[in-house]
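Undergrad: Provided herewith is a single structure, encoded as structure tokens, for subsequent inquiry.
2 protein chains.
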Amino acid sequence: MANDTMKKIVSLCKRRGFVFQSSEIYGGLKACYDYGPLGVELKRNIKDAWWRDMVHRRDDIVGLDCSIIMHPDVWKASGHLAGFCDPLVDCRNCKERFRADHAPRAEAGSECIYREGGRADGKKLKGIVGPQGYTCPVCGSGDLSDERLFNLMFRTSLGPVDPMQQILNSVEELAALAPDERKQKLAGIINESAVYLRPETAQGMFVNFANVLNSSRVKPPFGIAQCGKSYRNEITTSNLTFRTCEFEQMEMEFFVKPGEDETWYEYWRSARRDWYISLGINPDRLRLRDHETSELAHYAKACSDVEYFFPFENEEGEGEWGELEGIANRTDYDLKKHAEFTGKDLSYFETETKERYVPYVIEPAAGADRATLAFLCDAYDEETLEKDDIRTVLRFHPRIAPIKAAVFPLVKRDGMPEVAEGIMKELLGEGINCFYDQAGAIGRRYRRMDEAGTPWCITVDSDTLNDKTVTVRERDSMEQKRMPIAALVPFIKEHLK
Amino acid sequence: MANDTMKKIVSLCKRRGFVFQSSEIYGGLKACYDYGPLGVELKRNIKDAWWRDMVHRRDDIVGLDCSIIMHPDVWKASGHLAGFCDPLVDCRNCKERFRADHAPRAEAGSECIYREGGRADGKKLKGIVGPQGYTCPVCGSGDLSDERLFNLMFRTSLGPVDPMQQILNSVEELAALAPDERKQKLAGIINESAVYLRPETAQGMFVNFANVLNSSRVKPPFGIAQCGKSYRNEITTSNLTFRTCEFEQMEMEFFVKPGEDETWYEYWRSARRDWYISLGINPDRLRLRDHETSELAHYAKACSDVEYFFPFENEEGEGEWGELEGIANRTDYDLKKHAEFTGKDLSYFETETKERYVPYVIEPAAGADRATLAFLCDAYDEETLEKDDIRTVLRFHPRIAPIKAAVFPLVKRDGMPEVAEGIMKELLGEGINCFYDQAGAIGRRYRRMDEAGTPWCITVDSDTLNDKTVTVRERDSMEQKRMPIAALVPFIKEHLK
């Protein structure tokens, strides 16, 4: 059944420099990846398109860039920082990680039915409550890991002294304590300097809400957008960059007057789906999946995922819906929590109505790495030309294509390389990322550019020397047309708008 | 003496949304900062200018984007990972952190003279070798901190189990051990899952050297560029974002044939200095400072710093040279070290000469946050107009200005807002970041934009309604000229090239 699409994409990614395994020469680091020369351009183009469409092309959204390490109390307020000694459990069905002491309890051995929607394909499954006597709070499964001390967040320490030194100094004191006191004492040592790598960028927008309000001339409805890395100690799978411990988010928090939240939720739900289509994603492989009430985070009023049909292998063959972005109505939960923990006023005073309110928040939260992977998978095509001639082509939208144009001299003599280099210089000068290649037969050069997803190949031949025209070969149709050199920049720029 | 320039800049940064203290509502986090709506645009523009000038406008440099968490053995090879139990010492003179057991030894109480250049101002200082009996290996100072377990790098742990759980399980076993064995046992527990936040992006380029060589059609001389966050457990000062534990780098490793390294070192040394000037930095506040031989890292053949004269306060008044970027000839040290640690071949075979060699590396390594701070300080001006009228203006180069243009209706009626909104829409559609303001007297609106560093203010007045022209007020000269609406986009784009 499977036609190994994902394997071929992974192989292309390495061969052409889209994605490498991190620290590969050291044997690699599990679920960490590096973007190669083509991958970094693809991902940058996607992030830039997001910023341009979300921040620059609108007058109601401003940007923000917060440090990844934030004050640890931020995570107490947000609920991400379960205490050091919390027993956490992983659900083997839906991959949720939860606190055992907060899980719904049921008689061990009784039957439990997984909630529909706990799996992306919406299937119902049956299970048996395990010996722990509780089930997963999200999907109701009893197929759970052992309890263990665990934190979703990566902890490190900020300060002049390594906490290991302090533990070393305290070993005998610790040994003399009763188990519970020992735990507390150790936690105390750790927590003195503990800081965390943020598990989401969103909290940066909430804690800066008042700063942005006071420094920028914004008022609800308005948004704060941020693009940056986040970290989660996730259970990772083998689907390349789909789920990684280090990942990049593109999040926007849109602050609205309570009562207007449902309208804005609907607005962003559609707008975000349409964004992927505007950059060339096949609409047939894209869907909006509304969360069921039981699936919602406790603070969320509504949530919908933009999902893409990835060519992942699974037990039923090829293809699996995976989340690209979640659009959530987070209500006034976050601002109220931070107001409560800091004692600061995080409300907004509307001068027109003399009304004071804590804004509701609509959050479209996208993953930049997942978007990059989706655009890669969506662009991947094998086209049978004639006989046994199959070409591999990445059909990227020109706006996100890593290289916009390749420039070839037909042969390495007769002044053609010089003319081609002149064209290169002109295009590079305009900030159009292009690539020069004079090695091998012209047909092979075209195919190499098909694999890189380059929309246009510009060839300088003997006619060029007379009439200053070149051949422009279009990637998808493989059609070639003649064009004056002077028309190249406007032609390419028109397609990049 | 001091005229409080830095204090005024810090205050402007918060007031107008360039830089906020991280997690400010939680009391802030030492030496961590967030970029507000204006700051994020400024920093993005600087990073984008770097990428465009280093990667897109050249055909000999490709990009890369590596994960921040890399395989821990990378840091063993690079020399960043001093063993867990190494006693580290901080030099209070030059801020170097070094291993006590590697420091040059001298008789306690003897006089030591700090090397010239150990301070940015090149002063000679005398000191006394402290009771430890060794001096700073970089500047020779005897003014040192106590020894302590310390690592420059932030350590965290990757894996399903928190190492604290394992320590807790081993407390009694640890207590029974002799001090040295105890240290080793504890280090063993920690190291099992320890990973580090990279202290520099450079190693990502070295470990991916072969991947880039095999996937991209590059050959020496060529460069690999990367922009991203790095982390160092630094001794931080109070000069805003000048020295922070979390910082963003813009690094490029340029691989050349041995023997051509000195020429390329000179090339990049000048090119990088000129880059800051091309973006508007005052050349009088910029200098290249060549490192003396004794100041060089052990692997470096030559190094030069691009320094900016910051308006920092110090004991002698205002102003201090601070490093923006270091250009180093790293020789073949890094590639050889990684080849040695991994057993992989990191050499290059030159087909023309049938010669195999390990390339030398010229590295221009810039700090994005420092560059942002330098551009902010350099742009800051207080201009006395007449009487007691002083205007604060940020004279950014248009290419890095956060907002390119502001659009004002002269009054909030007579159809002017509608025309102004139409202009906004057109500019935003072209990806020109602009700002709409209809509040307050026109003079005050101009001044607000001066403080944001916006190069042009476009005003719609009653004439606009008749002849479709607007007033364009230039930030630096404050001159106003009349221009057709249709000429605005080409006018602005011309200045952004």
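Top line first, the protein sequences correspond to chains L and S.
Going letter by letter, the first sequence gives residues 1 to 497 in my numbering.
Going letter by letter, the second sequence gives residues 1 to 497 in my numbering.
Just so it is clear, CB atoms sit at the ideal spot from N, CA and C, and this is done for glycine as well.
Mind checking if residue 118 of chain S is an interface residue toward chain L, Cβ cutoff 7 Å exclusive?
TA: For this step, residue 118 of chain S is matched to residue 118 along the second sequence. Residue placement at residue 118 of chain S is flagged as unreliable, the pLDDT there being 43, under the threshold of 50; the coordinate-derived value follows with that caveat. Output row for residue 118 of chain S: interface = no.
Undergrad: Quick one: measure Cβ to Cβ for residue 326 of chain L and residue 308 of chain L, integer angstroms, because I've assumed they're closer than 8 Å.
TA: One-based indexing of the first sequence puts residue 326 of chain L at position 326. One-based indexing of the first sequence puts residue 308 of chain L at position 308. Not really, about 13 Å apart at Cβ, beyond 8 Å.
Undergrad: Residue 453 of chain S: buried (16+ other C-beta within 10 angstroms of its C-beta) or exposed?
TA: As a first step, residue 453 of chain S is located in the second sequence; it is residue number 453 there, counting from the start. Answer is buried; the Cβ neighbour count reaches 16.
Undergrad: Measure the alpha-carbon distance for residue 250 of chain S versus residue 200 of chain S and round it to whole angstroms.
TA: As a working mapping, residue 250 of chain S is identified with position 250 in the second sequence. As a working mapping, residue 200 of chain S is identified with position 200 in the second sequence. About 10 Å.
Undergrad: Can you give me, in chain order, the residues of the stretch 151 to 162 of chain S that have a beta carbon less than 9 Å from any beta carbon in chain L?
TA: Taking 9 Å as the Cβ-Cβ cut-off against chain L, the residues of the stretch 151 to 162 of chain S that qualify are 151, 154, 155, 156, 157, 158, 159, 160, 161, 162.
Undergrad: Assign residue 4 of chain S to one of two classes, buried (16 or more other C-beta atoms within 10 Å of its C-beta) or exposed (fewer than that).
TA: The residue labelled residue 4 of chain S in the question sits at position 4 within the second sequence. Burial call: exposed.
Undergrad: Contact between the stretch 473 to 487 of chain S and the stretch 378 to 395 of chain S: three or more CB pairs below 8 Å?
TA: Contact holds: three or more Cβ-Cβ distances are below 8 Å.
Undergrad: Whose C-beta lies closer than 7 Å to the C-beta of residue 497 of chain S among residues of the same chain, with five residues either side of it excluded?
TA: What you label residue 497 of chain S is simply residue 497 of the second sequence in a count that begins at 1. Around residue 497 of chain S: no qualifying Cβ.
Undergrad: How close, in whole Å, do the beta carbons of residue 93 of chain L and residue 136 of chain L come, if the pair is a contact with beta carbons under 8 Å?
TA: Residue numbering aside, residue 93 of chain L sits at position 93 when the first sequence is read from its first letter. Residue numbering aside, residue 136 of chain L sits at position 136 when the first sequence is read from its first letter. Indeed they touch by this definition, with Cβ atoms about 7 Å apart.
Undergrad: List the residues of chain S whose Cβ lies closer than 9 Å to the Cβ of residue 291 of chain L, in chain order.
TA: In the first sequence, counting from the first residue as 1, residue 291 of chain L sits at position 291. The contacting residues do not exist; residue 291 of chain L stays about 27 Å from chain S at best.
Undergrad: Given that a residue counts as buried once 16 or more other Cβ atoms are within 10 Å of its Cβ, and exposed if not, what is residue 30 of chain L?
TA: Stepping through the first sequence from its first residue, residue 30 of chain L is reached at position 30. So residue 30 of chain L ends up on the exposed side.
Undergrad: Report the three-state DSSP secondary structure of residue 129 of chain L (helix, strand or coil).
TA: In the first sequence, the residue the question calls residue 129 of chain L occupies position 129. Residue 129 of chain L: coil per DSSP, three-state reduction.
Undergrad: Which same chain residues, not among the five before or five after residue 50 of chain L, have their C-beta less than 6 Å away from its C-beta?
TA: Here residue 50 of chain L refers to the residue found at position 50 when the first sequence is read from its first residue. Same-chain partners within the cutoff: 250.
Undergrad: Does the distance from the CB of residue 66 of chain L to the CB of residue 144 of chain L come in under 7 Å?
TA: Sequence index remark: in the first sequence, residue 66 of chain L carries index 66 (1-based). Sequence index remark: in the first sequence, residue 144 of chain L carries index 144 (1-based). Result no, Cβ atoms of residue 66 of chain L and residue 144 of chain L do not sit closer than 7 Å.
Undergrad: Note the first and the last residue of the continuous beta strand (DSSP E) segment covering residue 63 of chain S.
TA: Locating residue 63 of chain S in the second sequence gives position 63, where the first residue counts as 1. Unbroken beta strand (DSSP E) run through residue 63 of chain S: 61 to 63.
Undergrad: In chain S, which residues lie with their C-beta within 7 Å of the C-beta of residue 67 of chain L?
TA: Within the first sequence, residue 67 of chain L is the residue found at index 67, counting from 1. Within chain S, the residues near residue 67 of chain L are 22, 32, 33, 34, 246.
Undergrad: With residue 362 of chain S and residue 284 of chain S assumed to form a contact (beta carbons below 8 Å), what rounded beta-carbon distance in angstroms separates them?
TA: Taking the second sequence and counting its residues from 1, one reaches residue 362 of chain S at position 362. Taking the second sequence and counting its residues from 1, one reaches residue 284 of chain S at position 284. Actually they are not in contact, since the Cβ atoms of residue 362 of chain S and residue 284 of chain S sit about 27 Å apart, beyond 8 Å.
Undergrad: For residue 485 of chain S and chain L, any beta-carbon pair shorter than 7 Å?
TA: Taking the second sequence and counting its residues from 1, one reaches residue 485 of chain S at position 485. Closer than 7 Å: no.
Undergrad: Which same chain residues end up closer than 6 Å to residue 435 of chain L when comparing Cβ atoms and leaving out the 5 residues on each side of it in sequence?
TA: The sequence position of residue 435 of chain L within the first sequence is 435, counting from 1. Once the five neighbours on either side are set aside, the close Cβ partners of residue 435 of chain L are 403, 406.
Undergrad: Considering only the alpha carbon of each residue, which of S/445, S/313, S/110, S/203 lies closest to residue 456 of chain S?
TA: Your numbering for residue 456 of chain S matches position 456 in the second sequence. Taking only the C-alpha atoms, the option nearest residue 456 of chain S is S/445.
Undergrad: Just verifying my parser: in three-state terms, what is the DSSP assignment at residue 189 of chain L?
TA: The count along the first sequence starts at 1 and reaches residue 189 of chain L at position 189. Reduced to three states, the DSSP call for residue 189 of chain L is helix.
Undergrad: Taking the straight line between their C-alpha atoms, what separation do you get for residue 116 of chain L and residue 275 of chain L?
TA: The sequence position of residue 116 of chain L within the first sequence is 116, counting from 1. The sequence position of residue 275 of chain L within the first sequence is 275, counting from 1. Model confidence at residue 116 of chain L stands at a pLDDT of 45, short of 50, so the residue's coordinates are unreliable; what they give is reported in the following sentence. The straight-line gap from Cα to Cα measures roughly 28 Å.
Undergrad: Out of S/447, S/58, S/185, S/43, which has the shortest C-alpha to C-alpha gap to residue 171 of chain L?
TA: The residue you call residue 171 of chain L lines up with position 171 of the first sequence. Residue 171 of chain L has its Cα closest to that of S/185, out of S/447, S/58, S/185, S/43.
Undergrad: At the level of alpha carbons, what is the spacing between residue 266 of chain S and residue 331 of chain S?
TA: As a working mapping, residue 266 of chain S is identified with position 266 in the second sequence. As a working mapping, residue 331 of chain S is identified with position 331 in the second sequence. Between residue 266 of chain S and residue 331 of chain S, the C-alpha separation is close to 14 Å.
Undergrad: Give me, in chain order, the residues of the same chain whose beta-carbon lies closer than 7 Å to that of residue 109 of chain L; leave out the 5 immediate sequence neighbours on both sides.
TA: Residue 109 of chain L sits at position 109 when you count from the first residue of the first sequence. The residues are 128, 129.
Undergrad: With which residues is residue 288 of chain S paired in a DSSP beta bridge?
TA: Numbered from 1 along the second sequence, position 288 holds the residue referred to as residue 288 of chain S. Answer is S/306.
Undergrad: What is the residue span of the beta strand (DSSP E) that residue 434 of chain L lies within?
TA: Here residue 434 of chain L refers to the residue found at position 434 of the first sequence. It spans 434 to 436 - the beta strand (DSSP E) in which residue 434 of chain L sits, taken as one unbroken run.
Undergrad: From this set, L/268, L/190, L/432, which residue's C-alpha is nearest residue 490 of chain L's C-alpha?
TA: Stepping through the first sequence from its first residue, residue 490 of chain L is reached at position 490. For residue 490 of chain L, the nearest C-alpha among the options comes from L/432.
Undergrad: Comparing alpha-carbon positions, which option in S/354, S/210, S/279 lies nearest residue 339 of chain S?
TA: As a working mapping, residue 339 of chain S is identified with position 339 in the second sequence. It is S/210.
Undergrad: Could you tell me the alpha carbon to alpha carbon distance between residue 17 of chain S and residue 384 of chain S, rounded to whole angstroms?
TA: As a working note, residue 17 of chain S is residue 17 in the second sequence. As a working note, residue 384 of chain S is residue 384 in the second sequence. Answer to the nearest angstrom: the Cα atoms are 24 Å apart.
Undergrad: Apart from the five residues just before and just after residue 63 of chain L, which ones in its own chain have a Cβ nearer than 6 Å to its Cβ?
TA: Numbered from its first residue, the first sequence carries residue 63 of chain L at position 63. Cβ neighbours of residue 63 of chain L beyond the five flanking positions: 55, 225.
Undergrad: Taking the straight line between their C-alpha atoms, what separation do you get for residue 120 of chain L and residue 206 of chain L?
TA: Position 120 of the first sequence, counted from the first residue, corresponds to residue 120 of chain L. Position 206 of the first sequence, counted from the first residue, corresponds to residue 206 of chain L. In this predicted model, residue 120 of chain L has a pLDDT of only 44, less than 50, meaning its place in the structure is not dependable enough to derive any value.
Undergrad: Buried or exposed for residue 174 of chain S, please, with buried defined as at least 16 other CB atoms from any protein chain shown within 10 angstroms of its CB.
TA: Here the question's residue 174 of chain S lines up with position 174 in the second sequence. Counting Cβ neighbours within 10 Å, residue 174 of chain S comes out buried, since at least 16 surround it.
Undergrad: What's the gap between the Cα of residue 2 of chain S and the Cα of residue 278 of chain L?
TA: Start at 1 with the first residue of the second sequence, and residue 2 of chain S comes out as number 2. Start at 1 with the first residue of the first sequence, and residue 278 of chain L comes out as number 278. Residue confidence for residue 2 of chain S is low, a pLDDT of 48 falling below 50, so the modelled location carries little weight; the figure read from the coordinates is stated next. Between residue 2 of chain S and residue 278 of chain L, the C-alpha separation is close to 55 Å.
Undergrad: Against chain L, with Cβ distances strictly below 7 Å, would residue 26 of chain S count as a contact?
TA: The residue labelled residue 26 of chain S in the question sits at position 26 within the second sequence. Output row for residue 26 of chain S: interface = yes.
Undergrad: Among residues of its own chain, excluding the 5 on either side of residue 244 of chain S, which ones have a beta-carbon nearer than 6 Å to its beta-carbon?
TA: Your numbering for residue 244 of chain S matches position 244 in the second sequence. Result list for residue 244 of chain S: 31, in chain order.
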